[in-house]
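Trainee: At position 184 of the sequence shown the residue is numbered 184 (this note's numbering), and the sequence of numbers has no breaks.
Cβ atoms here follow ideal geometry from the backbone N, Cα and C, with glycine treated the same way.
Mind looking over this structure? Questions follow.
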Amino acid sequence: MNKISIDLDAVRFYNMTLEQMDEEFKKMSEYGIEAINMEYNIFLDEYLEMFMNNILQCIKYNNMQVILRSRPIDGYYTEYIDDEQYQKSIVKHKQFLYNLYKVLEENGIKQGVKVIFSGSKCEDNETQKYIDKHVWFFKELASSVLNMGIEILIEVQGAKPTRGRVVGDTWSDFEYMADEIPNINWGICWSTANSRLNFVEYDDQLIPSKKILDKVKLANIRNNVSQNFDISIYKNEVQEQEIKALVISEYTGMFNLEYIYVQLEYNDIPYYEVFDGIYYLKCVLNYFEKKNKDGGLLIIEDIEKMNRQSIRTIIDKEIKVRIPEKELEFSEIEIATHSLKVWDKEYLLFEDNKEFQIEIYYKDEDMLKLNIKFMMIRDETERQGYVFKIIDKVPDVVKKIYKLVYLVD
């Protein structure tokens, strides 16, 4: 079973006491979070020392791991092409990683630490020189932290022609680096939203080669509402084909839920939907892993088919749906995360947008009551399909819906 990590909402946690923080971390742990993804600067700013120590204590108490997103230290590591800058960058980052290791060791966190780097912008006609500098940088940095249990990763970038080339915005960059960097603690952070953008906008491959898949040590899962607006899977949408590829390749690393939390607040998205997203992703992984064992997990690379086909599960005959208000019972149902469809040979009358309650019975599970709203009727061969919108937002109810959709035991 794959593991789930999540970005740390540092602003939200900053004014919490240690006890309040720990309650939040316990909740994340209960939802299956096994690692916390933080930014470098929490370890660089002396004014954040108490905050950092509280966060690390919560990570330790809840048996979690640490992932760090790097930022340039004093402007270095983004200018590899200059030899003097390159040497300064190596020295500064080695020292930082050593200090990081000491801090983590003092807090009882020793293994499984990942540090993510972004590739630098390339000057015109010198792309290969920049890639080679990255290769040397990562080889030397990874070698220096091998015995510390730290992994060094480079992230897949979204291509933006107006910005120019960046190391890591094409799969060919990673093909080259995978051949040139032998370090076992070096790898790739696959941001599925960035590579999907490259596939749709710039005709890069949807799924990378096995060589690249074998080097993936972290998968960043999020959606691009626009190029600069990432709010992850609060709408319960993921890049399904990319996740399938990782499952098929027997990837066993972390799936990280990447959020820009200020956008949740700006768009009036309640915080509990973050936790729904965690559970949703675990259900998707459970579903794909089962399908893969049966040999039925197929990757769709046609964008039109991909947009039409998201996960939908027609539950077997063991499910029963009752509408008490109309004294109706159905044995054929299609359920998605936000909608429900039943079939009947008879024409049934439902008032548009009428809200009412249904009961779902499945195997030995407790009866599930759902609040729904009638949306439409679809005439099909010899029968009619009735489509309802699920309007429940209670987290415990939402989790039960996901269990039905993805056949979670």
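Quick one: residues in its chain with C-beta nearer than 6 Å to the C-beta of Glu-180, no 5 flanking neighbours on either side, listed in chain order?
Mentor: The residue labelled residue 180 in the question sits at position 180 within the sequence shown. Cβ neighbours of Glu-180 beyond the five flanking positions: Val-135.
Trainee: Quick one: measure Cβ to Cβ for Leu-404 and Ile-335, integer angstroms, because I've assumed they're closer than 8 Å.
Mentor: On the sequence shown, residue 404 is found 404 positions in, with the first residue counted as 1. On the sequence shown, residue 335 is found 335 positions in, with the first residue counted as 1. 5 Å between Cβ atoms; contact.
Trainee: When you compare the CB positions of Tyr-386 and Ile-372, do they come within less than 8 Å of one another, or not?
Mentor: Against the sequence shown, residue 386 aligns to sequence position 386. Against the sequence shown, residue 372 aligns to sequence position 372. No; because the gap between Cβ atoms is not below 8 Å, this pair is not in contact.
Trainee: For Ile-32, which residues from the same chain have a beta carbon less than 7 Å from its beta carbon, with the 5 sequence-adjacent residues on both sides left out?
Mentor: On the sequence shown, residue 32 is found 32 positions in, with the first residue counted as 1. For clarity, residue 32 is Gly in the given sequence; the question names Ile instead. The answer, listed in chain order, is Ile-4, Ile-278, Lys-282.
Trainee: In chain order, which continuous runs of the beta strand (DSSP E) of length 3 or greater are located wholly inside the stretch 90 to 175?
Mentor: Taking only runs of at least 3 residues, the beta strand (DSSP E) segments lying wholly in the stretch 90 to 175 are 113 to 117, 150 to 155.
Trainee: Three Cβ pairs or more, each shorter than 8 Å: is that satisfied between the stretch 122 to 140 and the stretch 11 to 18?
Mentor: With the cut-off at 8 Å, the stretch 122 to 140 and the stretch 11 to 18 do not touch.
Trainee: Which value, in whole angstroms, describes the spacing of the CA atoms of Glu-380 and Ile-333?
Mentor: Your numbering for residue 380 matches position 380 in the sequence shown. Your numbering for residue 333 matches position 333 in the sequence shown. Using only the alpha carbons, I get a separation of about 14 Å.
Trainee: How would you call Thr-170, buried or exposed, if buried means at least 16 neighbouring beta carbons within 10 angstroms?
Mentor: One-based indexing of the sequence shown puts residue 170 at position 170. Classification for Thr-170: buried.
Trainee: First and last residue of the beta strand (DSSP E) that includes Asp-22?
Mentor: By 1-based counting over the sequence shown, the position of residue 22 is 22. Looking at the DSSP string, Asp-22 is not in any beta strand (DSSP E); the run it does join, the alpha helix (DSSP H), is 18 to 30.
Trainee: Spell out the partners DSSP gives Leu-348 in its beta bridges.
Mentor: Translated into the one-based positions of the sequence shown, residue 348 becomes position 348. Answer is none; Leu-348 lacks a bridge partner.
Trainee: DSSP state of Leu-197, grouped into three classes?
Mentor: Here residue 197 refers to the residue found at position 197 when the sequence shown is read from its first residue. Helix.
Trainee: When you compare only the Cα positions, how much space is there between Ile-154 and Ser-172?
Mentor: Start at 1 with the first residue of the sequence shown, and residue 154 comes out as number 154. Start at 1 with the first residue of the sequence shown, and residue 172 comes out as number 172. The alpha-carbon atoms of Ile-154 and Ser-172 are separated by roughly 14 Å.
Trainee: Note down the Cα distance separating Leu-68 from Ile-116, rounded to an integer number of angstroms.
Mentor: Along the sequence shown, one-based indexing puts residue 68 at 68. Along the sequence shown, one-based indexing puts residue 116 at 116. Computed Cα separation, rounded: 6 Å.
Trainee: Nearest to Glu-327 by CA position, among Lys-341, Leu-348, Ile-319, is which residue?
Mentor: As a working mapping, residue 327 is identified with position 327 in the sequence shown. Answer by Cα proximity: Leu-348.
Trainee: Quick one: what does DSSP say Gln-57 is sitting in, helix, strand or coil?
Mentor: Position 57 of the sequence shown holds residue 57. DSSP places Gln-57 in helix when its eight states are reduced to three.
Trainee: Excluding the 5 residues preceding and the 5 following Ile-391 in the sequence, name in chain order all residues of the same chain whose CB lies nearer than 8 Å to its CB.
Mentor: As a first step, residue 391 is located in the sequence shown; it is residue number 391 there, counting from the start. Cβ within range, chain order: Glu-355, Asn-371, Ile-372, Lys-373.
Trainee: Where does Arg-12 fall in DSSP's three states?
Mentor: Working through the sequence shown from its first residue, we reach residue 12 at position 12. In the structure shown, Arg-12 sits in a helix (DSSP, three-state: H, G or I).
Trainee: By DSSP, does Ile-243 sit in helix, in strand, or in coil?
Mentor: For the purposes of this step, residue 243 is taken as the residue at position 243 of the sequence shown. In this structure, Ile-243 counts as helix in the three-state DSSP scheme.
Trainee: With respect to the beta strand (DSSP E) encompassing Ile-372, which residues constitute its N-terminal and C-terminal limits?
Mentor: Taking the sequence shown and counting its residues from 1, the one referred to as residue 372 is at position 372. Counting along the chain, the beta strand (DSSP E) containing Ile-372 begins and ends at 368 to 380.
Trainee: Among the candidates Glu-39, Gly-119, Glu-23, whose CA atom is the shortest distance from the CA of Met-177?
Mentor: Position 177 of the sequence shown holds residue 177. Looking at the Cα atoms, Gly-119 is the closest of the given residues.
Trainee: Would the beta-carbon of Lys-160 fall within 8 Å of that of Tyr-86?
Mentor: Translated into positions along the sequence shown, residue 160 becomes position 160. Translated into positions along the sequence shown, residue 86 becomes position 86. Not closer than 8 Å, so no.
Trainee: Could you pull out every residue in the same chain whose Cβ sits closer than 6 Å to the Cβ of Trp-190, ignoring the five residues on either side in sequence?
Mentor: Indexing the sequence shown from 1 puts residue 190 at position 190. So the qualifying residues of the chain are Val-156, Val-216, Ala-219.
Trainee: From what residue to what residue does the alpha helix (DSSP H) around Ile-333 run?
Mentor: Within the sequence shown, residue 333 is the residue found at index 333, counting from 1. Premise fails: Ile-333 lies in the beta strand (DSSP E), 333 to 335, not in any alpha helix (DSSP H).
Trainee: Quick one: give me the first and last residue of the beta strand (DSSP E) that Lys-210 is part of.
Mentor: Along the sequence shown, read from residue 1 onward, the residue named residue 210 stands at position 210. That residue, Lys-210, is in no beta strand (DSSP E); its alpha helix (DSSP H) goes 210 to 213.
Trainee: Tell me the DSSP secondary structure of Tyr-280 in three-state form.
Mentor: By 1-based counting over the sequence shown, the position of residue 280 is 280. Here Tyr-280 sits in helix by DSSP.
Trainee: How big is the Cα-Cα spacing for Lys-389 and Arg-222?
Mentor: Taking the first residue of the sequence shown as position 1, residue 389 is located at position 389. Taking the first residue of the sequence shown as position 1, residue 222 is located at position 222. Approximately 25 Å, taken between the alpha carbons.
Trainee: Looking only at its chain, what residues have a beta carbon closer than 6 Å to the beta carbon of Arg-322, apart from the 5 residues adjacent to it on each side?
Mentor: Locating residue 322 in the sequence shown gives position 322, where the first residue counts as 1. These residues qualify, in order along the chain: Glu-329, Glu-359.
Trainee: Is it buried or exposed for Tyr-113, if we count other Cβ within 10 angstroms and need 16 for buried?
Mentor: Translated into positions along the sequence shown, residue 113 becomes position 113. In the sequence under discussion, the amino acid at residue 113 is Val, which differs from the Tyr named in the question. Classification of Val-113: buried, given that the 10 Å Cβ count is 16 or more.
Trainee: Roughly how many angstroms separate the alpha carbons of Ile-248 and Glu-240, rounded to a whole number?
Mentor: Within the sequence shown, the letter at position 248 stands for residue 248. Within the sequence shown, the letter at position 240 stands for residue 240. For Ile-248 and Glu-240, the distance between alpha carbons rounds to 12 Å.
Trainee: In this structure, how does DSSP classify Met-64 when only helix, strand and coil are distinguished?
Mentor: As a working mapping, residue 64 is identified with position 64 in the sequence shown. Coil at Met-64, not helix or strand.
Trainee: Look at the Cβ atom of Glu-34, then the Cβ atom of Gln-65, and state whether they are nearer than 8 Å.
Mentor: Taking the first residue of the sequence shown as 1, we reach residue 34 at position 34. Taking the first residue of the sequence shown as 1, we reach residue 65 at position 65. Taking 8 Å as the Cβ cut-off, Glu-34 and Gln-65 qualify as a contacting pair.
Trainee: Per the DSSP calculation, Phe-255 is bridged to which residue(s)?
Mentor: Locating residue 255 in the sequence shown gives position 255, counting from the first residue. BP columns for Phe-255 point to Ile-4, Ala-219.
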